[in-house]
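Asker: Residue numbers (the numbering used here): 18 to 542.
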Amino acid sequence: MFRARYGVVVLSVALGLLGWATIRSLTGNWLSMLEDRSGDLVWRMGAERKDERRLILVDINEQSLREIGPWPWPRATQARLIEQLAKAGARQQILDIVLADAKPDDAKLEQVLQQHPSVLAQIFALDPGTGPSSGRPAGALDWTACPPLFPEATGYLATAPTLAGRLVGHITPRVAPDGLVRHQPAIICSDNRSYPALSLVALMNGTGETGLVLQRGASPLDAPWMLSGRSQAFPAIALDENGDIRIPWKLHPHSFISLSAADVLADRVPAGLLSGAWVLVGSSAFGLHDVIATPFEGAAAGLQVHAEIISAMIDGRIPATPSGAPAYRFIMAVLGIALLMFMARERKRFPVYLVPLAAAAWGLVLWGIHGLFQIKASIWLGWADPALFVGLSGLTMGILEHARSRVDRDRLYTHLSSYLPAPVAEALAQQSPSSAIRASTRQVSVMFADIRNFSAYCEARPPEEAAAVLHAFFSTAARVIKAHGGVIESFQGDAVFAVWNSDGKAEQQTTQSMNLDAPEHPFRT
Numbered sequence: 018m019f020r021a022r023y024g025v026v027v028l029s030v031a032l033g034l035l036g037w038a039t040i041r042s043l044t045g046n047w048l049s050m051l052e053d054r055s056g057d058l059v060w061r062m063g064a065e066r067k068d069e070r071r072l073i074l075v076d077i078n079e080q081s082l083r084e085i086g087p088w089p090w091p092r093a094t095q096a097r098l099i100e101q102l103a104k105a106g107a108r109q110q111i112l113d114i115v116l117a118d119a120k121p122d123d124a125k126l127e128q129v130l131q132q133h134p135s136v137l138a139q140i141f142a143l144d145p146g147t148g149p150s151s152g153r154p155a156g157a158l159d160w161t162a163c164p165p166l167f168p169e170a171t172g173y174l175a176t177a178p179t180l181a182g183r184l185v186g187h188i189t190p191r192v193a194p195d196g197l198v199r200h201q202p203a204i205i206c207s208d209n210r211s212y213p214a215l216s217l218v219a220l221m222n223g224t225g226e227t228g229l230v231l232q233r234g235a236s237p238l239d240a241p242w243m244l245s246g247r248s249q250a251f252p253a254i255a256l257d258e259n260g261d262i263r264i265p266w267k268l269h270p271h272s273f274i275s276l277s278a279a280d281v282l283a284d285r286v287p288a289g290l291l292s293g294a295w296v297l298v299g300s301s302a303f304g305l306h307d308v309i310a311t312p313f314e315g316a317a318a319g320l321q322v323h324a325e326i327i328s329a330m331i332d333g334r335i336p337a338t339p340s341g342a343p344a345y346r347f348i349m350a351v352l353g354i355a356l357l358m359f360m361a362r363e364r365k366r367f368p369v370y371l372v373p374l375a376a377a378a379w380g381l382v383l384w385g386i387h388g389l390f391q392i393k394a395s396i397w398l399g400w401a402d403p404a405l406f407v408g409l410s411g412l413t414m415g416i417l418e419h420a421r422s423r424v425d426r427d428r429l430y431t432h433l434s435s436y437l438p439a440p441v442a443e444a445l446a447q448q449s450p451s452s453a454i455r456a457s458t459r460q461v462s463v464m465f466a467d468i469r470n471f472s473a474y475c476e477a478r479p480p481e482e483a484a485a486v487l488h489a490f491f492s493t494a495a496r497v498i499k500a501h502g503g504v505i506e507s508f509q510g511d512a513v514f515a516v517w518n519s520d521g522k523a524e525q526q527t528t529q530s531m532n533l534d535a536p537e538h539p540f541r542t
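1) Note down the Cα distance separating Thr224 from Ser248, rounded to an integer number of angstroms.
2) Are Leu282 and Ser301 touching if we call contact CB-CB under 9 Å?
3) I'd like the ranges of any beta strand (DSSP E) spanning at least 3 consecutive residues and lying wholly in the region 226-254.
4) Can you tell me where the beta strand (DSSP E) with Pro202 in it begins and where it stops?
5) For the region 265-304, which segments carrying the alpha helix (DSSP H) assignment without a break, of at least 4 residues, lie completely within its bounds, in sequence order?
6) Nearest CA to the CA of Leu297: which residue from Ala420, Pro287, Ser135 and Asp68?
7) So is Gly521 buried or exposed if we call it buried at 16+ other beta carbons inside 10 Å?
8) Would DSSP call Ile335 helix, strand or coil?
9) Where are the beta strand (DSSP E) runs, 3 residues long or more, that stay fully inside the region 120-186, in chain order?
10) What's the gap between the Cα of Ile73 and the Cα of Leu35?
11) Counting along the chain, where does the alpha helix (DSSP H) carrying Gln95 start and finish?
12) Output the boundary residues of the beta strand (DSSP E) element that contains Gln391.
13) Please report the straight-line C-alpha distance between Glu79 and Gly63, rounded to a whole angstrom.
14) At the level of alpha carbons, what is the spacing between Ala342 and Leu371?
15) Identify, in the order they occur along the chain, each residue of the same chain with its Cβ nearer than 7 Å to the Cβ of Asp257, setting aside the five sequence neighbours on each side.
16) What are the partner residues of Pro213, as DSSP defines its beta bridges?
17) Return the bridge partner residues of Met464 from the DSSP annotation.
18) DSSP on Asp68, reduced to helix/strand/coil?
19) Taking C-alpha atoms, which residue in Pro373, Pro89 and Arg366 lies nearest to Leu357?
20) For my contact list, Gly33 and Leu290 are in at a C-beta cut-off of 8 Å; report their separation, rounded to the angstrom.
21) Does the separation of the CB atoms of Pro403 and Val322 fall below 9 Å?
22) Under DSSP, the alpha helix (DSSP H) around Arg54 begins and ends at which residues?
23) Report buried or exposed for Pro164, applying the criterion of at least 16 other Cβ atoms within 10 angstroms of its Cβ.
24) Helix, strand or coil: how does DSSP classify Ser543 here?
25) If you draw a straight line from the C-alpha of Asp81 to the C-alpha of Lys104, how long is it?
26) So, under 8 Å CB-CB, Gly219 and Gln109 are touching, yes? Tell me the CB distance rounded to an integer number of Å.
27) Is any non-hydrogen atom of the ligand HEM found closer than 8 Å to the C-beta of Arg459, if you look at the structure I gave you?
28) Name the DSSP bridge partner or partners of Arg191?
29) Quick one: Cα of Val308 to Cα of Gln201, how far?
30) Sort out for me which residues DSSP pairs Ala344 with in a bridge.
31) Out of curiosity, what's the CA-to-CA distance linking Phe359 and Arg41?
32) So, are the CB atoms of Asp467 and Gly510 less than 9 Å apart?
33) For a test of the three-state rule: what should DSSP assign to Arg263, helix, strand or coil?
34) Would you identify the three-state DSSP class for Leu398, choosing helix, strand or coil?
35) Just to confirm, are Leu215 and Ala138 a CB contact at a threshold of 9 Å?
36) Out of Asp122, Leu174, Ile204 and Leu398, which one is the CA nearest neighbour of Ala162?
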């Protein structure tokens, strides 16, 4: 018995592993997308709602376009916006706006940028093929070469050459196949030069950092790559194996204070609100086409990405998958299989149908652990691979155990029915094993019939003829008794012993045609 159960477990694990590998090869990134979708749910459920005042949003919204005019605004208007923010006490200004193409009034904006250095934006194209190029990329790091870890740009939309701002960061997102933005390249390569993201440049400018250092994670709890400042002015930033930052949607959008750009230009901002704060200027106006899909909204302003990343960088909580995550997933898969093996061994305590349910429950446990670490520790462990493997193994084990139990039951029924009545054999085969004595009182009808003077008949006839008569009698009696709902208990010599109501079902019936209140089994004999 133990050997049979051990074989079922081994076969189930092998088939589960084969199914997992097949699904992995056929569906590509389906499991990763499942983890991302479940991660979106965790972000929505666990997002913090707090009053974030370290970073204030200035939104070029529909109200601003109505009051100031359609976009693009004159460079003089943009310069006045920067001056107003500086006057209100903003410590740093981060412009999620690409100032492309030279304009006649660039000199005024350049003069203001010299007085109030702001972080400007540029965007790169990452799609295969050559993309459009406009302006001149700026703000490259002083690295001798761009590491191959980071993506190579195929085009760009950069700051106009007439603007000499050196604080420039890219705002290029990674758009997932389902349209959501969950990652952003930390650095993008162009002509073998390294261009950091807008959030990185803002962090360096706000902390006084002069350069970045890229290194591999030192421990199993570290991300595959770590990006830190040369003077360690801010916590190290975790990057995945593709050199991307996983966007931490940990703060609910309502946590950020958003001011209309029109209110800033009209000096309608509450006094002291912007004092010492970092200010992120962007747009949510529909006509400016800076719209992305996030876990919170299907159409949100692009500046939300940079707001989430910057606030998480300040706190040192950029989520990433640690290098030791594959070992964790392997251990979780082994523990899940151990749980199924324990349940298969303890069949008396755990019915076979609980095995697939336990495998599904184990997947929920893994998702819960993943979500807890995602929210509380900014660690992306992953759960879909071990959940799928254990789920397939549990399903297979349940099917095989059920099939094996059916085979054992049929074998037991075949053995019992060879010397017990069929209903009795079926009842014994189907009931659960028990050491308790089961007895009941039942009213039955019994018939005992034999062949008159059969002994004398056999003395005067050859054995073959006597056997033929017995066979004809027993066959006819068995057919008639079965047709009338009886059960043959035994054949004794030339007699047949039959019982009615031996299974108790006749007690529940009445004979409607005879209009009798008594149970019908006496009338069937």
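C-beta: ideal position from N, C-alpha, C; glycine also.
Answerer: Put simply:
1) Counting from 1 along the sequence shown, the entry for residue 224 is found at position 207. Counting from 1 along the sequence shown, the entry for residue 248 is found at position 231. Thr224 and Ser248: Cα-Cα distance of roughly 10 Å.
2) For the purposes of this step, residue 282 is taken as the residue at position 265 of the sequence shown. For the purposes of this step, residue 301 is taken as the residue at position 284 of the sequence shown. No. Outside cutoff.
3) Segments of the beta strand (DSSP E) lying fully in the region 226-254: 229-233 and 242-246.
4) For the purposes of this step, residue 202 is taken as residue 185 along the sequence shown, with counting starting at 1. Here the beta strand (DSSP E) through Pro202 covers Val198 to Pro202.
5) As far as the region 265-304 is concerned, its whole alpha helix (DSSP H) runs of at least 4 residues are 278-282.
6) To locate residue 297, count along the sequence shown from 1; it is residue 280. That would be Ser135, whose Cα lies nearest to the Cα of Leu297.
7) Here residue 521 corresponds to residue number 504 of the sequence shown, with the count starting at 1. Model confidence at Gly521 stands at a pLDDT of 47, short of 50, so the residue's coordinates are unreliable; what they give is reported in the following sentence. Exposed, by the Cβ-count rule.
8) By one-based count along the sequence shown, residue 335 stands at place 318. When secondary structure is reduced to three states using DSSP, Ile335 falls in the coil class, being assigned neither helix nor strand.
9) Taken in chain order, the unbroken stretches of beta strand (DSSP E) that lie wholly in the region 120-186 and span 3 residues or more are 136-142 and 172-174.
10) Numbered from 1 along the sequence shown, position 56 holds the residue referred to as residue 73. Numbered from 1 along the sequence shown, position 18 holds the residue referred to as residue 35. When rounded, the separation of the alpha-carbon atoms in Ile73 and Leu35 is 52 Å.
11) Sequence index remark: in the sequence shown, residue 95 carries index 78 (1-based). Counting along the chain, the alpha helix (DSSP H) containing Gln95 begins and ends at Arg92 to Lys104.
12) Your numbering for residue 391 matches position 374 in the sequence shown. No beta strand (DSSP E) holds Gln391; the alpha helix (DSSP H) holding it covers Leu371 to Lys393.
13) Residue numbering aside, residue 79 sits at position 62 when the sequence shown is read from its first letter. Residue numbering aside, residue 63 sits at position 46 when the sequence shown is read from its first letter. Rounded to the nearest angstrom, the two C-alpha atoms are 30 Å apart.
14) Your numbering for residue 342 matches position 325 in the sequence shown. Your numbering for residue 371 matches position 354 in the sequence shown. One C-alpha to the other measures close to 29 Å.
15) Taking the sequence shown and counting its residues from 1, the one referred to as residue 257 is at position 240. So the list reads Ala240, Pro241, Arg263, Ala337 and Thr338, once near-sequence residues are dropped.
16) Translated into the one-based positions of the sequence shown, residue 213 becomes position 196. Answer by DSSP bridge pairing, in chain order: Ile204.
17) Here residue 464 corresponds to residue number 447 of the sequence shown, with the count starting at 1. Note: Met464 sits in a beta bridge opposite Ala515.
18) Position 51 of the sequence shown, counting from 1, holds the residue named residue 68. Coil.
19) Along the sequence shown, read from residue 1 onward, the residue named residue 357 stands at position 340. The closest CA to that of Leu357, considering only Pro373, Pro89 and Arg366, is found on Pro373.
20) Walking along the sequence shown from the start, residue 33 turns up at place 16. Walking along the sequence shown from the start, residue 290 turns up at place 273. The beta-carbon distance between Gly33 and Leu290, rounded to whole angstroms, is 58 Å. This is too long to meet the 8 Å contact definition.
21) Taking the first residue of the sequence shown as 1, we reach residue 403 at position 386. Taking the first residue of the sequence shown as 1, we reach residue 322 at position 305. No, Cβ-Cβ distance for Pro403 and Val322 is not below 9 Å.
22) Indexing the sequence shown from 1 puts residue 54 at position 37. That run of the alpha helix (DSSP H) goes Trp47 to Gly63.
23) The residue you call residue 164 lines up with position 147 of the sequence shown. Looking at its Cβ environment, which holds fewer than 16 other Cβ atoms inside 10 Å, Pro164 is exposed.
24) Residue 543 is absent from the model: the chain starts at 18 and stops at 542.
25) Position 64 of the sequence shown, counting from 1, holds the residue named residue 81. Position 87 of the sequence shown, counting from 1, holds the residue named residue 104. The question names Asp, but residue 81 is Ser in the sequence shown. CA-to-CA, the gap between Ser81 and Lys104 works out to about 19 Å.
26) Your numbering for residue 219 matches position 202 in the sequence shown. Your numbering for residue 109 matches position 92 in the sequence shown. Position check: residue 219 holds Ala in this sequence, whereas Gly was assumed. Yes, Ala219 and Gln109 are in contact; Cβ-Cβ is about 7 Å, under 8 Å.
27) Judged by which ligands are present, the structure shown has none, so any question about the ligand HEM falls away.
28) Reading the sequence shown from its first residue, position 174 is the one you call residue 191. His200.
29) In the sequence shown, residue 308 corresponds to position 291, counting from 1. In the sequence shown, residue 201 corresponds to position 184, counting from 1. In a straight line, the C-alpha of Val308 is about 15 Å away from that of Gln201.
30) For the purposes of this step, residue 344 is identified with residue 327 of the sequence shown, where counting begins at 1. Beta-bridge analysis with DSSP links Ala344 to no other residue.
31) For the purposes of this step, residue 359 is taken as the residue at position 342 of the sequence shown. For the purposes of this step, residue 41 is taken as the residue at position 24 of the sequence shown. Cα to Cα, Phe359 sits roughly 28 Å from Arg41.
32) Looking up residue 467 in the sequence shown gives position 450. Looking up residue 510 in the sequence shown gives position 493. Yes, the Cβ-Cβ distance between Asp467 and Gly510 is below 9 Å.
33) In the sequence shown, counting from the first residue as 1, residue 263 sits at position 246. Per DSSP, reduced to three states, the secondary structure at Arg263 is strand.
34) Counted from its first residue, the sequence shown places residue 398 at position 381. In the structure shown, Leu398 sits in coil (DSSP, three-state: anything other than H, G, I, E or B).
35) One-based indexing of the sequence shown puts residue 215 at position 198. One-based indexing of the sequence shown puts residue 138 at position 121. The Cβ atoms of Leu215 and Ala138 sit closer than 9 Å to each other.
36) On the sequence shown, residue 162 is found 145 positions in, with the first residue counted as 1. Check the Cα spacing between Ala162 and each of Asp122, Leu174, Ile204 and Leu398: the tightest is with Ile204.
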